[in-house]
Amino acid sequence: MKKLAALVAFAAVLGATPAFADTLENGYGNTFVVTLGSDTVRYHFNEDGTFGAIAPDGSVQHGRYESADGQICFLGEGDARQCAPLVSGKNVGDTWQQADANGNQITVTIEAGRTHGAGHGHGH
Numbered sequence: 364m365k366k367l368a369a370l371v372a373f374a375a376v377l378g379a380t381p382a383f384a385d386t387l388e389n390g391y392g393n394t395f396v397v398t399l400g401s402d403t404v405r406y407h408f409n410e411d412g413t414f415g416a417i418a419p420d421g422s423v424q425h426g427r428y429e430s431a432d433g434q435i436c437f438l439g440e441g442d443a444r445q446c447a448p449l450v451s452g453k454n455v456g457d458t459w460q461q462a463d464a465n466g467n468q469i470t471v472t473i474e475a476g477r478t479h480g481a482g483h484g485h486g487h
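In my numbering, the protein residues as written are 364 to 487.
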């Protein structure tokens with residue numbers, strides 16, 4: 364699915380170090396905002412291994428993820444699976460820059476609450 368592939372490109376956004384559980388756990392109930400160029404995708408991770416991703420066009424994609432061995436793996440339809448490293452020690456309000464899986468420079472922010480990016484506000 365092309366839209367899922369576009370979202371998965373943003374999936375490799377969260378990291379560079381093996382210890383990651385704290386960042387993911389700190390993000391439960393909050394929003395990981397990933398920006399690449401003029402596009403922003405918002406991820407909502409749940410403790411039950413599910414996530415929602417709001418694409419730049421406002422469409423929502425739901426899926427499952429697993430976290431182990433310093434990585435987060437997004438599980439797509441069929442056997443599609445894409446893994447990315449996760450950064451550690453991040454909490455609500457933190458913003459950092461890193462390269463994604465394709466070598467693009469991206470910005471990641473953890474926003475308090477479940478924001479949806481309506482308009483230019485943060486939807487708090």
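In this text, a Cβ means the ideal position worked out from N, Cα and C, and glycines have one as well.
Shortest alpha-carbon distance to residue i belongs to which of the options?
i: LEU449; options: ALA443, GLY400, GLN460, ASP411; result: GLN460
i: VAL391; options: LYS453, LEU438, PHE408; result: The sequence shown places Tyr at residue 391, not Val. Closest by alpha carbon: PHE408.
Could you tell me which residues DSSP pairs with residue i in its beta bridges?
i: TYR428; result: PHE437
i: ALA447; result: ILE435
i: VAL455; result: Paired residues: none, contrary to the question.
i: GLU399; result: The displayed chain sequence assigns Leu, not Glu, to residue 399. According to DSSP, LEU399 bridges with ASP402.
i: THR394; result: GLU474
i: ALA416; result: TYR406, GLN424
Return the chain-ordered list of same chain residues with a C-beta closer than 6 Å to the C-beta of residue i, the five sequence neighbours on each side being excluded.
i: THR470; result: THR398, GLN460
i: HIS425; result: GLY415
Alpha carbon to alpha carbon, how far is residue j from residue i? Give it in angstroms, no decimals.
i: ALA379; j: ILE435; result: The predicted position of ALA379 is uncertain, since its pLDDT is 36 and thus under 50; no value can be drawn from it.
i: SER401; j: ASN467; result: 13 Å
i: ALA475; j: ARG427; result: 22 Å
i: ASN389; j: GLY441; result: 30 Å
i: LEU438; j: GLU429; result: 8 Å
i: ASP420; j: THR472; result: 19 Å
i: ALA447; j: ARG477; result: 22 Å
i: ASN393; j: ARG444; result: 24 Å
i: PHE395; j: THR403; result: 10 Å
CB-CB under 8 Å to residue i, same chain, minus the five flanking residues each way: which ones, in chain order?
i: VAL423; result: GLY415, ALA416, ILE417
Please list, in chain order, all residues of the same chain as residue i whose beta carbon is under 7 Å from its beta carbon, the five residues on each side excluded.
i: GLY385; result: Before going further, note that residue 385 is Asp rather than Gly in the sequence given. Within the same chain, ASP385 has close Cβ partners SER451, GLY452.
i: GLU410; result: TYR391
| request: Say whether the region 450-457 touches the region 412-425, bearing in mind that this needs 3 or more beta-carbon pairs closer than 8 Å, one atom from each stretch. | output: no
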